[in-house]
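The block underneath contains the structure these notes are about, expressed in structure tokens.
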Amino acid sequence: MSSPRQPDQSPGPGAPGPRGAAFLLAQIGAHAAALFAERVAELGLTPADVGLLRMIAGRPGRSQRALATDLGVVPSRVVALIDNLETKGLVERRRSTEDRRNHELHLSPEGRHTLTRVSRSAATHEDTLLAALDPAQRAQLTQLLELIAAQQELTPGVHPGYRQSPKRS
1 MSSPRQPDQS PGPGAPGPRG AAFLLAQIGA HAAALFAERV AELGLTPADV
51 GLLRMIAGRP GRSQRALATD LGVVPSRVVA LIDNLETKGL VERRRSTEDR
101 RNHELHLSPE GRHTLTRVSR SAATHEDTLL AALDPAQRAQ LTQLLELIAA
151 QQELTPGVHP GYRQSPKRS
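The opening residue of the sequence shown carries number 1 in UniProt numbering; numbering runs sequentially from there.
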């Protein structure tokens, strides 16, 4: 029976001794983000585009202002991002029947199709990234990361890149 490959604990350039969990989270996160960006670029999207598509699909009819609030950004930032998705034919703005000043956001048929393609690509991405783990280890890793994210008060499903970095004392 072969033993699983052990992480390299030898000192690397400029870093004596084993690497800490925070460093590894940052290293793996940056690596995963770069690979995901490459995958979605093949679909003509950025990770920010994907995040917005997922949020709009999760709550169709949400106003631009509500989306900005959920993301923790100023409404003008959301307008520019939605303009881009609308130009690509992925999102539709519809006047609210309750308040004509508001626009409700919906995925277009092409947006729904694109999001299906993104979901398949994201599943492949996760399988590739976590190939060294068995299903039980994947579940445990996810549970632990959710615990850390909750403790750090990260909003579930919202990429931290949308927000300004919080000031920590």
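The C-beta atom is built at its ideal place from N, Cα and C for all residues, glycine as well.
Decide if residue i is buried, meaning its Cβ has at least 16 other Cβ atoms within 10 Å, or exposed.
i: L35; result: exposed
i: E42; result: exposed
i: L45; result: buried
i: A68; result: buried
i: V91; result: buried
i: L147; result: exposed
i: V74; result: exposed
i: L85; result: buried
i: L144; result: exposed
Among all the DSSP beta bridges, which residues are the ones paired with residue i?
i: Q104; result: According to the sequence displayed, residue 104 carries Glu and not Gln. BP columns for E104 point to S63, R94.
Could you give the distance in angstroms between the alpha-carbon of residue i and the alpha-carbon of residue j?
i: S165; j: R77; result: For S165, the pLDDT reaches just 39, beneath the cut-off of 50, and the residue's location in the model is therefore unreliable, leaving the point undetermined.
i: S63; j: A37; result: 27 Å
i: L81; j: D49; result: 7 Å
i: G111; j: T128; result: 25 Å
i: E153; j: T97; result: 35 Å
i: Q151; j: L25; result: 15 Å
i: Q140; j: T87; result: 41 Å
i: R101; j: V118; result: 32 Å
Suppose the cutoff is 6 Å on Cβ atoms and the five residues either side in sequence are ignored; what does the same chain contact list for residue i look like?
i: G51; result: H159
i: Q27; result: none
i: S121; result: R39
i: A57; result: L107, L115
i: G157; result: none
i: R65; result: P75
Within the same chain, show all residues whose beta-carbon is closer than 8 Å to that of residue i, passing over the 5 residues directly before and after it, in chain order.
i: R138; result: L130
i: G20; result: none
Starting from the C-beta of residue i, find all residues in its chain whose C-beta is less than 7 Å away, skip the five residues before and the five after it, and write them out in chain order.
i: D134; result: none
Is the segment 104-123 close to the segment 54-70, with three or more CB pairs under 8 Å? yes
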